[in-house]
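This report concerns only the one structure given below.
Protein chains in written order, with the numbering used here: chain A, 1 to 276; chain B, 1 to 286.
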């Protein structure tokens with residue numbers, strides 16, 4: 001059984017200097033996922049703390065991305081995908097078949113590995129989700145678009161060309177636009193699936209700083225292959241690994257614990273670059 | 001220069017010649033037909049020809065009622081086939097996966113239907129629309145028969161259009177809590193429009209040139225139609241009639257063929273322009 005450290009010692013870097021709320025925002029219990037008959041990961045019990053950054057690390061194919069997709073029920077869209085176990089969001093049962101998934105996804109945003117803005121104007125990329133969730137007043141939309149673009153540091157770069165295609169932006173700008181598109185709905189949490197891995201090093205750094213700046217205000221769960229990145233920005237880290245063809249949670253704890261005093265041999269080998 | 005490299009060079013020269021010759025041959029046939037029609041047709045073609053009714057079985061006079069009938073038949077055909085076609089394409093592409101039995105059955109049927117000779121459609125239209133539904137020889141019967149004929153092409157190319165839309169649009173829309181209806185209308189449909197336009201151009205091309213299917217359904221009458229339930233003669237039937245049944249009708253047949261050709265080019269040009277300027281701008285970076 002994995003228990004998180006009750007008291008976090010968060011004097012690692014500037015980004016982590018403000019303590020986050022150690023209350024779990026989402027809690028999974030014995031979560032398993034199968035594609036058809038093939039198990040992808042089994043028995044994952046993991047708390048995701050409110051206002052903190054939790055990093056999921058581990059080799060490819062161990063179910064990190066699939067785990068992320070369970071939390072906003074995006075797995076519903078994949079034919080033959082079966083999820084069992086429990087996911088609690090406060091008192092809400094995320095696995096409830098009658099749950100309104102559109103509202104759930106408004107509360108939990110998601111950012112994908114490849115920037116995927118809609119083939120619409122920059123303005124419309126943010127206006128479309130707002131309108132879908134009932135905000136139709138043009139002034140209010142304009143206001144929210146501006147605030148959100150400022151939050152992701154894109155406003156000054158695009159304020160004169162809001163009506164040009166979002167696809168004309170650079171990769172890093174597109175990814176920040178995608179983050180803005182998720183944030184404009186004022187979610188409580190963001191799921192980030194390797195958000196920097198498709199970007200060049202400079203854009204990657206900008207996006208990473210942006211993610212770090214969202215800490216405390218939002219609960220963040222980030223999948224990353226970049227251990228240094230996890231160490232820089234995360235409060236908690238979970239290591240996934242494939243054992244006997246199935247993804248499992250090997251170790252979970254604060255960043256300091258995982259990187260400086262891992263309990264498992266596999267974790268020690270992985271964080272020291274000897275495995276994975 | 002060595003012998004082998006010389007032979008390779010001459011080989012290459014020969015294949016270049018061959019390719020150019022074939023291309024030239026194809027282009028020549030097209031230009032020949034085009035220039036023949038323009039040469040013989042342009043002399044007859046004037047404003048009066050376009051705006052007056054035919055006289056003396058079409059030997060004299062113009063083709064005004066024929067153009068109106070053709071437009072009405074095409075209008076009926078498009079008004080029915082576009083909504084039905086897009087609806088079916090959405091069902092096939094977005095709501096049934098490729099393994100689905102129902103989807104496979106529909107697709108197989110459409111492919112067979114696309115290969116059915118037009119005379120068969122004509123007989124079917126005559127039996128079903130003219131007789132069973134009691135619409136008689138009318139523009140409505142003709143338009144509906146053409147719609148049946150055009151649907152397979154329209155559905156399949158629109159479906160391809162939907163399938164060509166990257167799946168990450170659907171995923172990222174779902175992740176933002178956007179409903180499937182909004183995703184369809186706001187994202188997928190605009191992105192699938194190029195496929196729809198291709199289907200429409202092919203379909204209209206087939207419909208406007210259709211003769212066999214219309215002889216049995218919209219009929220021969222060359223008067224100005226007063227309603228959709230009147231019989232109306234399409235351009236292609238007029239050309240067929242003038243060149244086969246009316247002695248001395250060749251000149252006006254050529255002129256009508258030229259009008260048909262220009263109409264076809266206009267429709268193709270408009271569709272291409274629409275796709276390029278009006279819808280393309282929404283989809284790709286400016």
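Where is the CB? At the ideal position from N, CA and C, for every residue including glycine. All values reported here derive from a predicted model rather than from experimental measurement.
Annotated as proximal: residue 57 (chain A) and residue 223 (chain A), with beta-carbon spacing under 9 Å. The beta carbon of residue 126 (chain A) sits closer than 7 Å to the beta carbons of 145, 148, 180, 181, 184 from its chain, once the five residues preceding and following it are set aside; these are given in chain order. Along the region 166 to 196 of chain A, the positions whose C-beta sits under 8 Å from a C-beta of chain B are 167, 168, 178, 181, 182, 185, read in chain order. Using a CB distance below 8 Å, the part of the region 86 to 116 of chain A facing chain B consists of 101, 102, 103, 104, 105, 106, 109, 110, 112, 114, 116, ordered along the chain.
Rounded to the nearest angstrom, the Cβ distance from residue 127 (chain B) to residue 201 (chain B) is 30 Å, too far for a contact under 8 Å.
In chain order, 211 place their CB closer than 7 Å to the CB of residue 240 (chain B), counting only its own chain and leaving out the 5 sequence neighbours on each side.
Under the DSSP assignment, residue 31 (chain A) falls in the beta strand (DSSP E) whose first and last residues are 24 to 35.
Not one beta carbon of chain B lies nearer than 9 Å to the beta carbon of residue 157 (chain A). Under the DSSP assignment, residue 77 (chain B) falls outside any beta strand (DSSP E), being part of the alpha helix (DSSP H) whose first and last residues are 64 to 94.
Look at residue 220 (chain B) here: in three-state DSSP terms it is coil, with no helix or strand label. The three-state reading of DSSP puts residue 86 (chain A) in strand, counting E and B together. Taking 9 Å as the CB threshold, residue 214 (chain A) stays off the interface with chain B.
One alpha carbon belongs to residue 171 (chain B), the other to residue 103 (chain A), and they sit about 16 Å apart. Beta-bridge partners assigned by DSSP to residue 107 (chain B): none are found. Only residues of its own chain outside the window of five on either side were considered, and among them none has a CB closer than 6 Å to the CB of residue 263 (chain B).
Residue nearest to residue 166 (chain B) within the set A:117, A:130, A:151 is A:117 (criterion: CA-CA distance).
Taking the beta carbon of residue 72 (chain A) as reference, the chain B residues within 8 Å of it are 175, listed in sequence order. In its own chain, leaving out the 5 sequence neighbours on each side, no residue places its CB closer than 7 Å to the CB of residue 100 (chain B).
If you draw a straight line from the Cα of residue 235 (chain B) to the Cα of residue 256 (chain B), it is about 7 Å long.
Fewer than three pairs of CB atoms, one per stretch, sit closer than 8 Å, so the region 75 to 89 of chain A makes no contact with the region 149 to 159 of chain B.
Our two residues, residue 122 (chain A) and residue 183 (chain B), have alpha carbons roughly 17 Å apart in a direct line.
The beta carbon of residue 146 (chain A) does not come within 9 Å of any beta carbon belonging to chain B, so the residue lies off that interface. An exposed status is given to residue 33 (chain B), since fewer than 16 other beta-carbon atoms sit within 10 Å of its beta-carbon. Two segments are said to touch when three or more pairs of C-beta atoms, one from each, lie closer than 8 Å; by this definition the region 83 to 97 of chain A does not touch the region 187 to 194 of chain B. By the Cβ criterion, the region 196 to 206 of chain A is not in contact with the region 136 to 143 of chain A, since fewer than three pairs of Cβ atoms, one from each stretch, lie closer than 8 Å. The criterion of a C-beta distance shorter than 9 Å is satisfied by residue 249 (chain A) and residue 43 (chain A). The Cβ of residue 22 (chain A) sits no closer than 9 Å to any Cβ of chain B. Residue burial annotation: residue 245 (chain A) is exposed, with fewer than 16 other C-beta atoms found within 10 angstroms of its C-beta.
With contact defined as three or more Cβ pairs closer than 8 Å, the region 229 to 248 of chain A and the region 59 to 71 of chain A are in contact.
The beta carbon of residue 34 (chain A) is closer than 6 Å to those of 82 in its chain, skipping five residues each way along the sequence.
Within chain A, 102, 132 have C-beta atoms less than 8 Å from the C-beta of residue 179 (chain B), given in sequence order. Identification of chain B residues near residue 199 (chain A) by a Cβ-Cβ cut-off of 9 Å yields none; the smallest Cβ-Cβ distance measures about 16 Å. Look at the beta carbons and you see the region 81 to 99 of chain B not touching the region 117 to 135 of chain B: under three pairs across the two are nearer than 8 Å. By the rule that beta-carbons nearer than 9 Å mark a contact, residue 104 (chain B) does not touch chain A. For residue 182 (chain B), the residues of chain A that pass the 7 Å Cβ criterion are 132, in the order they occur in the chain.
Contact annotation, residue 37 (chain B) with residue 261 (chain B): C-beta distance approximately 6 Å; criterion of less than 8 Å satisfied.
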